[in-house]
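Engineer: Please find one structure pasted underneath; my questions will follow.
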């Protein structure tokens with residue numbers, strides 16, 4: 053087993069100093085993600101020896117990527133391609149993909165987390181578009197005719213000046229249509245963070261949700277989403293493929309993202325199966341249907357994960373002890389342990405909180 057630290061990704065949407073409690077050397081500026089894995093875009097450094105996890109593990113031995121994620125403002129509106137589309141784009145040399153893998157993911161909130169995920173009810177989306185401005189009528193009609201792709205294309209054709217003109221009316225329309233305060237706040241944050249970005253209009257087509265702490269959402273490939281604000285753990289297949297539809301200075305991939313849309317790509321919300329001891333929660337299980345991984349949130353207790361698949365243990369709060377065969381490793385907060393499939397059962401003990409991730413067979 054290998055003790056690793058996280059690879060920091062300082063994306064602009066990260067919280068200022070938001071991941072310092074999990075870093076060996078705190079930094080300033082936005083801190084978005086800490087990656088625990090072997091992906092070439094950010095392989096995790098080994099602790100106590102030179103190199104990264106990618107240097108000591110074969111490419112297929114680390115099939116998952118685990119992240120700590122701190123969103124200070126919205127991430128881009130995005131859709132992840134399935135394996136077939138990812139391989140097509142990769143083989144064609146497209147710069148829109150980072151690898152040839154399918155990306156599915158689970159976001160586990162460690163504090164309340166605001167997200168947009170899935171398509172909004174057609175009637176409500178059309179009503180919000182009409183309440184914003186008569187010029188959005190073509191998009192409203194497209195939604196009512198079950199052609200969300202046409203609505204997205206129309207909205208993304210709006211100029212920056214037009215979006216700026218529509219923004220006050222959009223925020224007023226949300227309030228007038230009885231949209232809750234949390235959702236209005238997420239829209240306002242998006243408008244402030246990306247002024248003039250037509251992705252703000254696309255959010256009218258998307259559902260909004262507030263994840264409670266220790267609840268989770270699983271996003272299959274082909275599901276539209278934009279995480280707005282919060283802190284949590286992301287678990288995903290080891291892919292960095294993102295097709296964007298707005299709220300970003302990065303290039304958009306409108307046609308490819310719409311091609312990737314999966315009619316069965318709705319978000320799956322998971323409260324977690326909670327196990328208690330002496331009246332307090334000790335382990336919370338997250339088992340998204342057909343997902344290629346299982347996730348356990350371990351609180352101040354001992355836990356075991358069997359041999360036979362890749363496992364990753366992340367010390368989220370306080371220290372965590374990991375034993376495997378005759379080896380024992382102590383993880384400081386913000387460190388992780390990567391355990392390959394052929395290695396023995398692992399035993400975990402923590403006086404704080406740890407996330408344990410186990411690879412599973414992927415059943416589409």
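Residue numbers (our numbering): 53 to 416. Ideal Cβ placement from N, Cα and C applies to all residues, glycine included. Since we're looking at a predicted model, the values are computed, not measured.
Would residue 291 pass as a contact of residue 201 if the rule is Cβ separation under 8 Å?
Structural biologist: Within the chain shown, residue 291 is the residue found at index 239, counting from 1. Within the chain shown, residue 201 is the residue found at index 149, counting from 1. Cβ distance not < 8 Å, so residue 291 and residue 201 don't count as in contact.
Engineer: Could you pull the start and end residues of the alpha helix (DSSP H) that residue 190 belongs to?
Structural biologist: As a working mapping, residue 190 is identified with position 138 in the chain shown. First-last of the alpha helix (DSSP H) with residue 190: 189-196.
Engineer: Looking at the unbroken alpha helix (DSSP H) that takes in residue 382, where does it start and where does it end?
Structural biologist: Here residue 382 corresponds to residue number 330 of the chain shown, with the count starting at 1. From DSSP, residue 382 is part of no alpha helix (DSSP H) but of the beta strand (DSSP E) over 379-383.
Engineer: Taking all protein chains shown into account, decide if residue 166 is buried (16 or more other Cβ within 10 angstroms of its Cβ) or exposed.
Structural biologist: In the chain shown, counting from the first residue as 1, residue 166 sits at position 114. It counts as buried.
Engineer: Mind checking which residues open and close the alpha helix (DSSP H) that includes residue 234?
Structural biologist: Position 182 of the chain shown, counted from the first residue, corresponds to residue 234. Run containing residue 234: 233-245, per the alpha helix (DSSP H) assignment.
Engineer: Do the CB positions of residue 88 and residue 366 come within less than 8 Å of each other?
Structural biologist: Stepping through the chain shown from its first residue, residue 88 is reached at position 36. Stepping through the chain shown from its first residue, residue 366 is reached at position 314. Yes; because the gap between Cβ atoms is below 8 Å, this pair is in contact.
Engineer: I need the boundaries of the beta strand (DSSP E) containing residue 372, first residue and last residue.
Structural biologist: Within the chain shown, numbered from 1, the residue matching residue 372 stands at position 320. From DSSP, the beta strand (DSSP E) with residue 372 extends over 372-376.
Engineer: Identify every residue that forms a DSSP beta bridge with residue 401.
Structural biologist: On the chain shown, position 349 is the one that residue 401 refers to. According to DSSP, residue 401 bridges with 354 and 373.
Engineer: Could you check what DSSP says for residue 407 in three-state terms: helix, strand or coil?
Structural biologist: Indexing the chain shown from 1 puts residue 407 at position 355. Reduced to three states, the DSSP call for residue 407 is strand.
Engineer: Are there 16 or more other CB atoms within 10 angstroms of the CB of residue 232, so buried, or fewer, so exposed?
Structural biologist: Looking up residue 232 in the chain shown gives position 180. Its Cβ having fewer than 16 others within 10 Å, residue 232 is exposed.
Engineer: Among the residues of its own chain, which have a CB less than 8 Å from the CB of residue 377, if the five just before and after it don't count?
Structural biologist: As a working note, residue 377 is residue 325 in the chain shown. Taken in chain order, the residues that qualify are 395 and 396.
Engineer: Tell me the DSSP secondary structure of residue 57 in three-state form.
Structural biologist: What you label residue 57 is simply residue 5 of the chain shown in a count that begins at 1. Note: residue 57 maps to strand in three-state DSSP.
Engineer: Let's see if you can read the secondary structure: which residues bound the alpha helix (DSSP H) around residue 259?
Structural biologist: Sequence index remark: in the chain shown, residue 259 carries index 207 (1-based). Note, residue 259: premise wrong, no alpha helix (DSSP H); beta strand (DSSP E) at 258-263.
Engineer: Could you round the C-beta distance between residue 390 and residue 156 to whole angstroms and report it? I think they count as a contact, below 8 Å.
Structural biologist: Indexing the chain shown from 1 puts residue 390 at position 338. Indexing the chain shown from 1 puts residue 156 at position 104. The Cβ separation is near 20 Å, so there is no contact.
Engineer: What separation, rounded to the nearest whole angstrom, lies between the Cα atoms of residue 350 and residue 356?
Structural biologist: The residue you call residue 350 lines up with position 298 of the chain shown. The residue you call residue 356 lines up with position 304 of the chain shown. Going from the Cα of residue 350 to the Cα of residue 356 covers about 10 Å.
Engineer: Go to residue 220, then tell me how far its beta strand (DSSP E) extends in each direction, as first and last residue.
Structural biologist: For the purposes of this step, residue 220 is identified with residue 168 of the chain shown, where counting begins at 1. No beta strand (DSSP E) contains residue 220, which is instead part of the alpha helix (DSSP H) from 212-228.
Engineer: Measuring CB to CB, does residue 120 end up less than 8 Å from residue 160?
Structural biologist: If you number the chain shown from 1, residue 120 lands on position 68. If you number the chain shown from 1, residue 160 lands on position 108. Not in contact: residue 120 and residue 160 (Cβ atoms no closer than 8 Å).
Engineer: Do you know how far the Cα of residue 84 is from the Cα of residue 64?
Structural biologist: For this step, residue 64 is matched to residue 12 along the chain shown. For this step, residue 84 is matched to residue 32 along the chain shown. If I take the Cα positions, the gap works out to 7 Å.
Engineer: Using only CA atoms, which one of 75, 262, 227 and 306 lies nearest to residue 251?
Structural biologist: Position 199 of the chain shown, counted from the start, is the residue given in the question as residue 251. Comparing Cα-Cα distances from residue 251 to each of 75, 262, 227 and 306, the minimum goes to 306.
Engineer: Who are residue 24's beta bridge partners in DSSP?
Structural biologist: Because the chain in this structure spans residues 53 to 416, residue 24 falls outside the shown range and cannot be described.
Engineer: Three-state secondary structure (DSSP) at residue 201?
Structural biologist: Here residue 201 is taken as the residue at index 149 of the chain shown, counted from 1. Residue state, collapsed to three classes: helix.
Engineer: Since residue 363 contacts residue 410 with CB under 8 Å, what's their CB separation in whole angstroms?
Structural biologist: The count along the chain shown starts at 1 and reaches residue 363 at position 311. The count along the chain shown starts at 1 and reaches residue 410 at position 358. Contact flag correct, Cβ pair sits at about 5 Å.
Engineer: Can you name the start and end residues of the beta strand (DSSP E) that residue 65 belongs to?
Structural biologist: Your numbering for residue 65 matches position 13 in the chain shown. Where residue 65 is concerned, there is no enclosing beta strand (DSSP E), given that its DSSP letter is neither H nor E.
Engineer: Smallest Cα separation from residue 205: which of 218, 190 and 216?
Structural biologist: Counting from one through the chain shown, the residue named residue 205 turns up at place 153. When each option's Cα is compared against that of residue 205, the closest is 190.
Engineer: Within 10 angstroms of the Cβ of residue 220, are there 16 or more other Cβ atoms? Answer buried if so, exposed if not.
Structural biologist: The residue given as residue 220 occupies position 168 in the chain shown. Exposed, by the Cβ-count rule.
Engineer: Helix or strand or just coil, what does DSSP make of residue 182?
Structural biologist: Counting from one through the chain shown, the residue named residue 182 turns up at place 130. Helix.
Engineer: Counting only runs of 3+ residues fully inside the stretch 277-325, write out the beta strand (DSSP E) ranges in chain order.
Structural biologist: Entirely contained in the stretch 277-325, the beta strand (DSSP E) runs reaching 3 residues are, in chain order, 277-289 and 320-322.
Engineer: Whose C-alpha, out of 388, 387 and 235, is nearest the C-alpha of residue 172?
Structural biologist: Taking the first residue of the chain shown as position 1, residue 172 is located at position 120. With distances taken between Cα atoms, residue 172 lies closest to 235.
Engineer: Note down the Cα distance separating residue 242 from residue 399, rounded to an integer number of angstroms.
Structural biologist: Counting from one through the chain shown, the residue named residue 242 turns up at place 190. Counting from one through the chain shown, the residue named residue 399 turns up at place 347. Whole-angstrom Cα-Cα distance: 43 Å.
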